[in-house]
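J.: In the numbering used here, the protein residues as written are 11 to 313. The beta-carbon is built from N, C-alpha and C at its ideal position, and this holds for glycine as well. One structure, pasted below without further comment.
Here it is as structure tokens:
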């Protein structure tokens, strides 16, 4: 039988990033205080902040909302928290997950604001897929989602956005940018705070938290979360990076943190010209114009 290395009680988990065996209570305390340490050392919060928590109903954002509220009360951060959900309009996925978010609102006693692509842009992701197919949907959806979060945060008066990106997510992004030779994004993708381009600051309290531990935390706390993957996700490039990371983790559990550390140490040599986002933003603009044209054509045809 596994025995907790801190108190001698029955073991609940062998932590993947340290190898330590902990009981349920010790694991919960360590997980929470490590997130607190991340928040304090990175100076992510200031008293009086109004923080919009990106809430999808999935394990990461559900645990994030719970832990942020718990730590705000335990350590007296003095910040105001609000759940902010974006409805991309993906039937059988987002409509169901939003029901989880609504339950979380009641369970945690936090206010909730929901914005939809339909309201913001005039179409949903399901509409887009019907018009143009599956290619690059995750890329474009990510751009629209980030913009929607910014607009939602502005509507509720938040000055910061908090997201549930975990260590696995960050490591995957490093690998993706290496494979694409995207040195511009590679240098900034490991940042715990983003938003230097003038948008609202976004921070990732779970940057060093493993996905497995987040799942175990949700199980230990009996949290209510939605576990179905987006039906368009299997077509995403990120899935290949995720599979690669999982294989590395089997061989060496610390490889996730090692990849993040490697990304943090990468510095672009002075004088090297970094690529800009101009071309990508132009593609997104053309994409939006194409969608609008398709819809206006449909409207004219049907009228």
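1) If you draw a straight line from the C-alpha of residue 222 to the C-alpha of residue 169, how long is it?
2) Let me check understanding here. Comparing Cα to Cα, which of 157, 103, 131 and 247 lies closest to residue 183?
3) Mind checking whether residue 22 and residue 227 have CB atoms under 7 Å apart?
4) Let me confirm a value: residue 133 is counted as buried when at least 16 other C-beta atoms fall within 10 Å, else exposed. Which label applies?
5) Output yes or no for whether 7 Å exceeds the beta carbon distance between residue 265 and residue 274.
6) Which of helix, strand or coil does DSSP assign to residue 64?
7) Once the 5 residues before and after residue 119 are set aside, which same chain residues still bring their CB inside 7 Å of it?
8) Round the Cβ separation of residue 69 and residue 225 to the nearest angstrom and send it over; I've been treating them as touching at under 8 Å.
9) Would you decide whether residue 11 is buried or exposed? Buried here means 16 or more other CB atoms lie within 10 Å of its CB.
10) Is it true that the CB of residue 270 sits closer than 7 Å to the CB of residue 200?
11) DSSP on residue 98, reduced to helix/strand/coil?
12) Please report the straight-line C-alpha distance between residue 236 and residue 140, rounded to a whole angstrom.
13) Do the CB positions of residue 115 and residue 93 come within less than 7 Å of each other?
14) Taking Cβ to Cβ, would you say residue 202 is nearer than 7 Å to residue 217?
15) May I have the straight-line CA-CA distance separating residue 187 from residue 194, to the nearest angstrom?
16) Can you tell me which of the three DSSP states residue 90 falls into?
17) Using DSSP's beta-bridge definition, name the partner residues of residue 332.
18) Can you tell me the Cα-Cα spacing of residue 5 and residue 219, whole angstroms?
T.: If we stick to the structure as given:
1) 30 Å
2) 247
3) no
4) buried
5) no
6) strand
7) none
8) 6 Å
9) exposed
10) yes
11) coil
12) 25 Å
13) yes
14) yes
15) 9 Å
16) strand
17) Residue 332 falls outside the range modelled here, since the chain spans only 11 to 313, and no answer is possible.
18) The chain is shown from 11 up to 313; residue 5 falls before or after that span and cannot be answered.
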